[in-house]
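Taking it in order: structure first as C-alpha cells, then the write-up.
Numbering (the working numbering), first residue to last: 4 to 214.
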C-alpha cells in the first residue's frame, strides 16, 4: 500500500508598506512617461501642421503680390506709352508756349519785386525776414543789409522797440555792396546768400529761361 503524498499549505508573503510605495511610484512613473511621450508627439504634430499652414499662407501672399505687381506693371506700361504718344504730338507747341509763359512770369516777378522794394518798410522787413528764416535763427550771428534798409530798421527799432522780433545776439550791419531788399546771413559756419537777384537767377536756371 503506497503512501499518499503530503501537501504543505501555501504561504503568501504579506505586502509591506515599502513594497506598496514602490509599486505606486512605478505606476506613477509609467503614467508620467506615457503622458510626456504623448504630449511630445502631439506637440510635434501641431508644430508641423502650423509650419505647413504658415508656408501655404506665405506662398499665397507671394502669389497674390506677384499678380498685383504684374497688373501694376502692365498699367504703368500702358500709361507711359500713352503719355509718350501725347508728348510726341504736342511737345513742340507746349514747349514754345511754356517758355513764353515762364519768361513772362519771371519778368512779372521782377516788376513786382521792384514795386515792393520801392517802399522802405517793405524792403527792410522783407530783407531781414528772409535772412533769418531761410538760414534758421539759431545759426545766424550777423545779418548784412543794404545801408538804407539797415538805417530804416534801426529807426524802427528805436521808435517802436517791439515791432521787430530779432533774436538776441544777432548783429545787423550795413553793406554798401547789397541792393535794396538784399541780405546776407553770416552763420556760425559759412553764410547764406539771401539776395533777391540771386534768387531770381536761381529761378531762371531752374526753369531753364535763357537771359
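Ideal Cβ placement from N, Cα and C applies to all residues, glycine included.
For the pair of segments examined, the segment 147-154 was found to touch the segment 177-188: the number of CB pairs separated by less than 8 Å reaches three. When the beta-carbon positions are compared, residue 195 and residue 137 come within less than 8 Å of each other.
DSSP places residue 188 within a strand segment (E or B) once states are collapsed to three. By DSSP's assignment, residue 177 forms a beta bridge with 148. A direct Cα-Cα distance of roughly 14 Å separates residue 57 from residue 48. Setting aside the 5 residues that flank it on each side, residue 159 is surrounded in the same chain by 124, 127, 166, 167, each with a C-beta closer than 8 Å to its C-beta; the list follows chain order.
Rounded to the nearest whole angstrom, the C-alpha separation of residue 153 and residue 193 is 22 Å.
Scanning its chain for C-beta atoms nearer than 8 Å, with the 5 sequence neighbours on each side dropped, one finds around residue 177 the residues 147, 148, 149, 150, 153, 154, in chain order.
The residues 190, 191, in chain order, have a CB closer than 6 Å to that of residue 142 in the same chain once the five nearest residues on each side in sequence are set aside. For residue 143, DSSP records a beta bridge to 190. For residue 196, the secondary structure class from DSSP, reduced to helix, strand or coil, is strand. Shown here, residue 167 sits in coil according to DSSP, grouped into three states, outside any helix or strand.
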